[in-house]
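Numbering (our numbering), first residue to last: 16 to 296.
Glycine is no exception: its CB is placed at the ideal position from the N, C-alpha and C atoms.
Step one of this worksheet: look at the structure below.
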Ligand code: AMP
């Protein structure tokens, strides 16, 4: 497995791969601290692309001034081992200066969507995400790029950005990978102490309850949101950020659930912000 630090190396490799008839490149963008959720994206890319690149970049522009950029877990050697074991061909691990050269002044703002859900409580977050994903897609020129449904609002923002900027890459979305007890895998789970780890289960429990309500025929947003709120309220260290039923394309609130609708929760567990969601079948 090769490790590239520059856009030029990545682009040269991708072009060489794609110059062979029928060869395709898959890109899996990550911030590192890789876990089984990331591994599932790498496997999905491996299954449908000739070559797979995994980017590892803790993107400063998607963190707010008081967020965890400086203490975000950085586990590069273990990440390389995991990526290689899952069949990645290339790691792209640029410096901040490589992706944001001196004087960088161009950002991608996905209007509307970018300020909803996580974008409402993390101003500028999706601007940073859309900007870095656009850079990675331009640098790697992949046929497909793989994202997790775990970050469902991010998926909506990336899809909108890719459509609006005439990006040729196909955006592929993979299911949420969970711990055996239901907690959605997240690099930020590393921050949780044992008490918080057990209280964090309220997020996945609230999602399960909402799924059960929907299976029983309930469709009203107020009822679904109320049920999730009650479950989260039972845990003293949990503070709800948002609970929302939205159109997955526009992230606009809906009053009634329909197929394809996104039900999303975000909550603080102690000082760690976690998210979970379900898409209605
Ligand atoms: P991150 O490193 O947190 O930026 O995540 C990189 C990619 O992995 C994003 O597309 C995430 O949605 C995806 N991802 C993170 N956690 C999970 C999970 N539990 N299941 C599936 N995909 C995930």
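Item	Value
For residue 269, collect the residues of the same chain with a Cβ closer than 8 Å to its Cβ; drop the 5 residues on either side in sequence, then sort them by chain order.	236, 260, 261, 262 and 276
Can the beta-carbon of residue 189 be found less than 9 Å from the beta-carbon of residue 169?	no
When burial is assigned at 16 or more other CB atoms within 10 Å of the CB, is residue 205 buried or exposed?	exposed
What separation, rounded to the nearest whole angstrom, lies between the Cα atoms of residue 33 and residue 231?	48 Å
Taking the straight line between their C-alpha atoms, what separation do you get for residue 211 and residue 194?	15 Å
Under 8 Å by Cβ, that's how I've got residue 16 and residue 99 pegged, so tell me the actual separation to the nearest angstrom.	5 Å
Taking the Cβ atom as the reference point for each residue, do residue 28 and residue 105 lie within a distance shorter than 9 Å?	yes
Assuming residue 222 and residue 244 make a contact with CB atoms under 8 Å, what is their CB distance in whole Å?	Actually they are not in contact, since the Cβ atoms of residue 222 and residue 244 sit about 13 Å apart, beyond 8 Å.
Consult DSSP for residue 259 and reduce its assignment to one of helix, strand or coil.	strand
When DSSP labels each residue in this structure, what does residue 52 get in the three-state scheme?	helix
In this structure, what does DSSP give as the bridge partners for residue 291?	280
Compute the Euclidean distance between the alpha carbons of residue 153 and residue 250, then round it to the nearest angstrom.	44 Å
Would residue 12 pass as a contact of residue 196 if the rule is Cβ separation under 9 Å?	It is not possible to answer for residue 12, since the shown part of the chain is limited to 16 through 296.
May I ask which residues mark the beginning and end of the beta strand (DSSP E) holding residue 110?	First-last for residue 110: undefined, no H or E at that position.
Determine the contact status of residue 70 and residue 108, defining contact as a CB-CB distance below 9 Å.	yes
Do the CB positions of residue 40 and residue 158 come within less than 9 Å of each other?	yes
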